[in-house]
Amino acid sequence: MNDVISLLKSHRSIRKFTDQPIDDDTIAEIMTAGFAAATSSNMQAATVIRVRSTDKREAIASLAGPQPYVASSAAFFVWCADLARSASVVSTDRVEPATDMAEHHIRACVDVALAAQNAAIAAESLGLGICYIGGIRNDPQQVCELLDIPDRVYPLFGFCIGWPDQDPDVKPRLPLSVTLKDDSYDTSCDAGGIAAYDEQMREYYRTRTGGTKDTSWTEDMGALLSRETRPHIREFLHARGIDKR
Ligand SMILES: Cc1cc2nc3c(=O)[nH]c(=O)nc-3n(C[C@H](O)[C@H](O)[C@H](O)COP(=O)(O)O)c2cc1C
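Okay, so the sequence shown: first residue is 773 according to the numbering used here, each after it adds one.
Have a look at this one:
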């Protein structure tokens, strides 16, 4: 194993940070590394907004949960899928940019995920900790209003960065016997692999929470998928002119 692989395998989300700031040059370095990621058709459909205003950070921390680390991390960002920038350069009387197509929606989301994850790895390589914040999608319209985000741009997740003030264990992942397949979508190894993983996750939660949480991955997925999640998202995207055909 080399240092990069070792770093990747040591990832764990950090939700408690020291007060130590991060200088602007370091942030610029992390984000430059982020935007060096591959991008579909070189569209570069990712934009990240740093939220410095205390009032805005507190408003986002509140709507996202509340999740206090949104306000208390050294730096907080909102990653946006951005189909407005590319549309703006082709907007003429003759061409109506087809940014309402599902295919462009997928491209933009993938671009954002790749850039953000590159930035996450860059930050972790410097000893910083990160936590993604999907909770901002509880009220994406309010996030747009707070940050003046225009049509054709939509916030996907927040991103806390800071110096870790905790040292949580690495959360186990499903075994490769379940997630890596050869030649076809063969599920014959899934049941055994998931059963073993369920026990591993129970143990992970028991240890991490002093016995308060004791659920398996199967139980967690049952809880997650047995109810509707953020049903407003589709209408929100359509109102932004996204994913309509
Ligand atoms: C897109 C995305 C959104 C997430 N949203 C949140 C969030 O709102 N709050 C939070 O505490 N963690 C959030 N997470 C972190 C996940 O819970 C975490 O990555 C997962 O449980 C695996 O744990 P690990 O990152 O420590 O390995 C998010 C992760 C991703 C990729």
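Even glycine gets a Cβ: it sits at the ideal position worked out from N, Cα and C.
Fair warning: this is a prediction, and the values are worked out from it, not measured in the lab.
Asked, Found
"Coil, strand or helix - P1003 by DSSP", "coil"
"Beta bridge counterpart(s) of R822 as assigned by DSSP", "F849"
"Ranges of the alpha helix (DSSP H) found wholly within the segment 891-950, counting only runs of at least 4", "912-919"
"Heavy atom of ligand 1 within 7 Å of V904 beta-carbon", "Per the sequence shown, residue 904 should be read as Tyr rather than Val. The answer is yes for Y904."
"Cut-off 7 Å between Cβ atoms - residues of its own chain near A859, not counting five sequence neighbours on either side", "P869, T871 and R924"
"N- and C-terminal bounds of the alpha helix (DSSP H) containing V776", "D775 to K781"
"Three-way DSSP call (helix, strand, coil) for D958 in this model", "coil"
"Inter-residue spacing [alpha-carbon to alpha-carbon] between A808 and N890", "8 Å"
"Spatially closest choice to V820 from V776, Q839, A853 and S845, by CA coordinates", "A853"
"Rounded straight-line distance, which links the Cα of A846 to that of C932", "8 Å"
"7 Å CB neighbourhood of G965 in its chain, flanking five on each side removed", "L946, P947, S949 and V950"
"Distance cut-off 7 Å: H783 Cβ against heavy atoms of ligand 1", "yes"
"contact_flag[the segment 900-910, the segment 933-943] where n(CB pairs < 8 Å) is 3 or more", "yes"
"For S778 and I1018, the rounded distance between their alpha carbons", "Absent from the structure is residue 1018, since the part of the chain shown begins at 773 and ends at 1017."
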